[in-house]
Amino acid sequence: MSRKTKDMLIKSLILLSTGFTVGILVIIIGYITFRGFGALSFDFIFGSADQGGIWPMIVSTMYIVGISLAISVPVGIMAAIYLTEYAKQTRFVGLIRLATQSLSGIPSIIFGLFGLALFVRAFGFNVSILSAGLTLAIMNLPVIIRATEEALKSVPQSYREGSLGLGATKIYTIWKVVLPSALPGILTAVILAVGRIVGESAPVLLTAGVLKDVPMSMFDGGRTLTVHLYLLAQEAISPHDFQIAFATATVLIVIVLIINLVARFVSAKLDKTKA
Amino acid sequence: MAENNKFKVENLDLFYGDFQALKSITMDIEANKVTAFIGPSGCGKSTFLRTLNRMNDLIDTVRIDGTIQLDHQDIYKKDVDVTDLRRRVGMVFQKPNPFPMSIYDNVVYGPRAQGIKDKKVLDEIVESSLRAAALWDEVKDKLHKSGLALSGGQQQRLCIARTIAMKPEIILMDEPTSALDPIATLKVEQLMEELKKEYTIVIVTHSMQQAARISDVTAFFLMGELIEMGDTNEIFSNPKKQQTEDYITGRFG
Amino acid sequence: MQSTNHKRKAIVEWIWKHLFLIMATVSIISVLTIGFFVISNGVKPFIGSSSNETIIYLEKFKATDQVKLDGELITDFKNAIGLEDGVHTLTYITSDGIEEIDITVDSKNEDPSQTVIFSDEPENSSLDETVKYTSVLTIEGKTSVLDRKISVVVPEPAYSIVDFLFGSEWKPTSQKLYGILPMIIGTLGVTAGALVLGVPIGILTGVYIAELAPKRVAQVLRPAVELLAGIPSVVFGFFGLTVIVPMIQQLFGLASGTSMLAAIIILGVMILPTVISMTATSLRAVPNYYREGSLALGATKIQTIFSVTMRAARSGILTGVVLGIGRAVGETMAVILVAGNSPQVPDSILSSVRTLTSSIALEMSYASGRHSEMLYAIGIVLFLFIVVLNVVIMRLNKKAGDH
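Residue numbers (the numbering used here), protein chains in the order written: chain A, 72 to 346; chain B, 427 to 679; chain C, 197 to 599.
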């Protein structure tokens with residue numbers, strides 16, 4: 072085989088692969104939204120579960136996102152500030168870094184097991200949106216710590232020196248110069264964390280349960296959109312059930328799309344301030 | 427002469443971990459003069475400069491012996507307020523490092539950190555500092571544009587203005603023109619001529635010509651030791667030590 | 197005045213520093229507790245018996261019934277009562293009359309069927325020993341809802357790790373058999389299949405994005421890959437269930453299309469974004485003089501990519517593959533929806549398969565006692581698997597750092 076034909080062959084394989092990747096994305100999104108779009112309506116989004124609506128699931132999802140962000144974001148950012156700005160860069164700190172890094176690869180179902188043992192049973196929170204929120208907070212903690220550390224490390228050392236050289240205290244330097252410069256990076260990580268929480272299902276199933284009502288307190292169980300879709304897919308019999316499932320999947324895809332767009336917008340801003 | 431000393435350094439040793447970067451430095455730095463530190467790279471001149479406002483504190487492994495007195499007070503004593511020291515001893519860095527904020531916010535950064543909030547006072551500080559840094563006419567119409575949008579030379583003068591805004595007594599400059607082109611360098615050097623009327627200036631430079639042009643006193647460092655220090659004209663025309671002569675005649679370094 | 201200001205600043209500084217320190221400590225502790233809780237639950241079945249004592253408990257007995265155990269009247273029917281080894285006499289008086297039986301308990305007996313022996317089955321009652329380590333005597337009422345039940349549960353002895361890892365039968369409720377070999381094989385098989393499908397496509401797509409695509413095209417492709425990564429796994433599973441599964445069913449004329457093949461296809465697609473973005477990122481990090489050097493020697497663009505650029509980016513690409521393995525092994529809900537989930541060693545790519553993660557998600561909601569602990573033990577197996585993968589990634593990164 073001549074060099075040219077070999078090149079052509081490999082090139083077409085590369086194009087074929089790329090085509091497959093793009094094709095499958097378009098097919099998944101296209102097929103699901105095509106079949107689900109018709110069922111989208113005001114009543115579907117804002118209706119109760121008995122009326123075939125998904126409002127309780129939207130509320131449960133939002134609660135869980137809220138609880139887990141309220142914990143993981145401040146704790147994670149502050150922990151990252153300690154690790155990069157204060158801690159001496161010893162082996163121990165390196166070890167912590169390694170642990171957080173490894174933790175981000177652990178299957179989410181293991182976090183579910185952990186949340187079940189600690190929050191649901193040991194702490195007695197039962198299956199509730201609080202248990203799920205706390206579980207997902209801990210699951211996202213390593214991710215937020217790591218992303219914040221990266222963002223803080225990318226702030227030029229000269230900013231810190233300049234500020235301290237002007238007689239500012241360390242904490243003033245962190246608040247006024249370091250954090251504002253790192254903010255777009257941190258925000259991008261937080262937005263992507265929202266996406267992960269919304270999309271997560273296995274640990275939520277174990278810790279928040281499957282109750283179809285709007286949770287009235289943090290100690291009530293609740294069903295998220297993903298768990299709803301999972302159960303619908305498992306139990307669907309009639310075409311109507313499937314249509315609701317497709318519509319729910321469409322809502323999830325739209326949410327993911329929005330989150331991705333916002334994250335891109337924020338990180339584009341990051342590039343602009345860096346230039 | 428002793429009455430006019432700003433800094434009095436005695437037997438200063440500095441270690442990075444096990445490595446000794448400064449060996450028993452003893453020197454006096456006079457008020458209202460420009461003192462230049464010269465020497466080959468790695469000789470410890472920048473490290474020494476950074477001990478004068480304790481910027482070396484930022485590095486975990488640094489250890490210091492000996493004393494540095496500023497106006498007869500030991501700046502390494504336990505109860506010294508480092509932030510106050512750094513306000514009195516301002517610093518301009520090798521690479522211009524304006525913060526990613528407006529020109530105005532850059533200049534008032536130090537005063538704000540000291541707790542000054544009065545808009546009128548801050549406005550006055552901005553104008554006087556930028557005038558003193560010979561930058562006012564160039565930026566007065568775009569005070570709220572980003573400091574990063576300025577040219578390199580303007581950025582460095584902004585950093586000088588930022589330092590002046592804190593009304594320091596001494597300004598340390600760590601190779602302030604090494605990242606600038608010749609025209610911007612000239613402007614910054616002219617500025618130093620002006621500034622020395624009011625401030626004590628200590629400058630580290632890699633250029634002997636620059637030291638000869640702008641400084642009153644020159645100190646020559648080699649391998650962490652202070653080899654020779656004296657009147658700039660004396661040092662360049664009639665050095666007392668062989669190593670100094672070798673360096674300024676270009677035989678090494 | 198200067199000194200009070202100094203003090204105030206120092207205090208503020210101290211407070212913040214320690215707040216940050218506390219948050220870092222909280223993070224580390226929460227991370228450590230995960231390991232602690234999963235491991236402490238998961239090792240229990242292998243170090244001791246499932247409970248300390250044999251217990252007997254009564255169901256559906258009425259307040260008017262009288263039950264005596266070894267002559268002592270039982271007043272509270274809600275709680276279980278401990279039974280020591282030996283012969284016990286149980287007497288019960290109900291509206292139907294009086295009965296007396298002897299129960300012989302020998303919890304240390306090697307043969308589970310010999311651990312509890314009821315002396316006889318009184319009239320209108322039946323003994324059920326189909327569930328290992330549990331014997332239930334049912335006394336028939338007028339309807340089955342009114343059946344009274346006497347259950348004796350013997351502690352299960354410590355389970356052998358070998359039986360756990362290499363046992364081929366998973367019958368956690370009836371037989372108390374906890375062999376996870378089918379799930380290990382299922383997980384490995386599904387993962388391997390997903391790699392065969394996803395890795396070549398992913399690497400080639402990454403090559404296109406980083407090396408060949410015009411800038412405009414790459415700018416569209418990169419967010420598309422991110423979007424693919426962001427789609428919730430349940431949506432992938434749902435797509436698989438409604439599109440891939442029926443397709444397989446028709447194509448191969450099967451009774452059900454839920455199969456190993458369906459899981460492989462879905463997971464293969466799900467690992468694509470990981471492989472693609474790691475490949476593209478590490479290719480872009482290769483300095484240009486590598487490419488220029490090769491092109492200047494007369495190599496074609498494609499030759500340059502495959503002989504020089506990709507070799508330089510090798511460890512990054514491999515890291516992407518290993519991360520892809522992690523994602524495939526850890527995926528749960530998407531697999532449950534398409535894999536069929538029967539806990540048997542699959543005999544072909546078209547048969548039903550169950551993975552380790554699926555077992556946890558499917559059974560955790562109703563598992564109790566040892567069964568639940570065994571699911572934690574599966575968690576440990578997964579945990580160890582990911583630790584091994586992380587070590588591999590570290591080695592790869594170190595290698596990249598060396599050269």
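All C-beta atoms in this analysis are idealised placements derived from N, C-alpha and C, irrespective of residue type, glycine included.
>> Short of 8 Å Cβ to Cβ, which residues in the region 219-235 of chain A face chain B?
In response: P227, S229, Y230, R231, E232, G233, S234, L235
> Should A447 (chain B) be labelled buried (16 or more other beta-carbon atoms within 10 Å of its own) or exposed?
Replying inline: buried
>> Please tell me whether W212 (chain C) has its Cβ less than 8 Å away from any Cβ of chain A.
In response: yes
> Quick one: does I103 (chain A) have its CB under 8 Å from some CB of chain C?
Replying inline: yes
> Mind pulling the chain B residues with CB within less than 8 Å of A253 (chain A)?
Replying inline: Chain B residues near A253 (chain A): none, gap ~11 Å exceeds 8 Å.
> In whole angstroms, what separates the C-alpha of Y153 (chain A) from that of M453 (chain B)?
Replying inline: 38 Å
>> When you compare the CB of T611 (chain B) with every CB in chain C, is at least one pair closer than 8 Å?
In response: no
> DSSP puts H284 (chain C) in a beta bridge; with which residues?
Replying inline: C:I299
> Is the CB-CB distance between L423 (chain C) and L328 (chain A) below 8 Å?
Replying inline: yes
> List, in order along the chain, the chain A residues whose C-beta lies closer than 8 Å to that of S473 (chain C)?
Replying inline: Those within 8 Å of S473 (chain C) in chain A number zero; the least Cβ separation is about 11 Å.
>> I want to verify the contact list: residues of chain C whose CB lies under 7 Å from the CB of D500 (chain B), in sequence order.
In response: Going along chain C, no residue has its Cβ under 7 Å from D500 (chain B), so there is no contact; the nearest lies around 16 Å.
> Whose C-alpha, out of C:Y404, C:G516, C:L546, is nearest the C-alpha of Q446 (chain C)?
Replying inline: C:L546
>> the ligand MG and Q122 (chain A): does the residue's C-beta get closer than 7 Å to at least one heavy atom of that ligand?
In response: The ligand MG is not part of the structure shown, which contains no ligands of any sort.
> Could you give the uninterrupted runs of the beta strand (DSSP E) lying entirely in the region 561-587 of chain C, keeping only those of 3 residues or more?
Replying inline: none
> Under 8 Å between C-beta atoms, does H202 (chain C) make it to chain B?
Replying inline: yes
> Would DSSP call R294 (chain A) helix, strand or coil?
Replying inline: coil
> The alpha helix (DSSP H) with N458 (chain B) in it runs from where to where?
Replying inline: Run containing N458 (chain B): none; DSSP gives neither H nor E here.
>> Please list the terminal residues of the continuous beta strand (DSSP E) segment that includes Y230 (chain A).
In response: Premise fails: Y230 (chain A) lies in the alpha helix (DSSP H), 228-236, not in any beta strand (DSSP E).
>> Ignoring anything shorter than 3 residues, give me the beta strand (DSSP E) runs that lie fully in the region 311-375 of chain C, in order along the chain.
In response: 312-314, 321-324, 330-335, 344-349
>> Check whether the region 371-383 of chain C and the region 346-362 of chain C touch, using three or more Cβ-Cβ pairs below 8 Å as the test.
In response: yes
> Mind checking if L237 (chain A) is an interface residue toward chain B, Cβ cutoff 8 Å exclusive?
Replying inline: yes
> With burial defined as no fewer than 16 other Cβ atoms inside 10 Å of the residue's Cβ, what is the status of K666 (chain B): buried or exposed?
Replying inline: exposed
> Using 8 Å as the limit for Cβ to Cβ distance, is M197 (chain C) near chain A?
Replying inline: For M197 (chain C), the predicted model reports a pLDDT of 44, less than 50, meaning its position is unreliable; a value from the coordinates is still stated below. M197 (chain C) does not count as touching chain A.
> Okay, do the region 107-116 of chain A and the region 174-186 of chain A touch, 3+ Cβ pairs below 8 Å being the bar?
Replying inline: no
>> Give me the DSSP bridge partner(s) of D442 (chain B).
In response: At residue 442 (chain B) the sequence reads Tyr, which differs from the Asp that was named. Partner(s): B:F445, B:V488.
>> As an exercise, report each continuous alpha helix (DSSP H) stretch of at least 4 residues that is fully enclosed by the region 549-636 of chain B, in chain order.
In response: 562-565, 578-590, 608-621
> Nearest to N458 (chain B) by CA position, among B:D563, B:Y625, B:N532, is which residue?
Replying inline: B:Y625
> In chain B, what lies closer than 9 Å to T240 (chain A) by C-beta?
Replying inline: V508, T509, A539
>> Against chain A, with Cβ distances strictly below 8 Å, would L484 (chain B) count as a contact?
In response: yes
>> So that I know if they touch, is there some Cβ in chain A lying closer than 8 Å to that of F445 (chain B)?
In response: no
> Excluding sequence positions up to five away, which residues of its chain have a Cβ less than 8 Å from the Cβ of A188 (chain A)?
Replying inline: none
> Helix or strand or just coil, what does DSSP make of Y502 (chain B)?
Replying inline: coil
>> For I589 (chain C), which residues in the same chain have their Cβ closer than 6 Å to its Cβ, ignoring the five residues on either side in sequence?
In response: T515, V518
> Which stretch, first to last residue, makes up the alpha helix (DSSP H) that contains E660 (chain B)?
Replying inline: 658-663
> For G257 (chain C), which of helix, strand or coil comes out of DSSP?
Replying inline: Looking at the sequence shown, residue 257 (chain C) is not Gly but Phe. The answer is coil: DSSP assigns F257 (chain C) none of H, G, I, E or B.
>> Check whether the region 138-156 of chain A and the region 205-219 of chain C touch, using three or more Cβ-Cβ pairs below 8 Å as the test.
In response: yes
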